[in-house]
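The structure appears below as structure tokens.
See the structure below:
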């Protein structure tokens, strides 16, 4: 059983989904969606949902409140189950223009940046955060473990 399914019309994130295997405590399969959006669209979304009128690279919208390392049990999320029987953990919006800019800025491939932003967004859906300094290490460690399983490093081109 695949632990995580990522729905995305514009990209195949099945390898990333598999890389989250073993990283999430759950007694059921999980799902998330990723959409690609342009700079103006993500600016409007950021303004409307966060009150920040600026283009950003990725936004995450969890389906329910979760905490890092807290198991996800199907019995607790019956209302969050999708048509495939997966507990839907939420949606991630990625700004393609920002992803391209950041790939150039950081000196790695566009594919690596898309996978990083998707992994980052999914970590947020799982309850991880980086606003408080003490929360950053756990989130960054999970991102790096997942990307390492894909053999994606910052210098990949």
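In the working numbering, the protein residues as written are 3 to 159.
A virtual CB, placed ideally from N, CA and C, is assigned to each residue, including glycine.
All figures in this text were calculated on a predicted structure; none of them were measured in a lab.
Using DSSP bridges, identify the partner residues of residue 33. Residue 33 is bridged to 7 and 90.
Fully enclosed by the segment 67-124, which alpha helix (DSSP H) runs are 4 residues long or longer? Runs of the alpha helix (DSSP H) inside the segment 67-124: 98-108.
Just verifying my parser: in three-state terms, what is the DSSP assignment at residue 22? In this structure, residue 22 counts as coil in the three-state DSSP scheme.
Just to confirm the assignment, what range does the beta strand (DSSP E) spanning residue 61 have? Residue 61 -> beta strand (DSSP E) spans 60-64.
Span separating the alpha-carbon of residue 35 from that of residue 114: In a straight line, the C-alpha of residue 35 is about 18 Å away from that of residue 114.
Can you give me the Cβ contacts of residue 159 inside the same chain, cut-off strictly under 7 Å, excluding the 5 residues immediately before and after it? Caution applies to residue 159, whose pLDDT of 44 falls short of 50 and renders its modelled position unreliable; the model cannot decide the point.
When the Cα of residue 6 is compared with those of 18, 32 and 21, which residue comes out closest? The shortest Cα separation from residue 6 among 18, 32 and 21 belongs to 32.
So, for residue 47: in the same chain, excluding its five sequence neighbours on each side, which residues have a beta-carbon less than 8 Å away from its beta-carbon? 39, 61 and 95, listed in sequence order.
Keeping to the same chain, check which residues put their C-beta closer than 6 Å to that of residue 77; ignore five residues upstream and five downstream. Result list for residue 77: empty, nothing under 6 Å.
What are the partner residues of residue 39, as DSSP defines its beta bridges? Partner(s): 97.
Beta carbon of residue 149, beta carbon of residue 25: below 8 Å? No; because the gap between Cβ atoms is not below 8 Å, this pair is not in contact.
On the DSSP bridge list, what partners appear for residue 2? Residue 2 is absent from the model: the chain starts at 3 and stops at 159.
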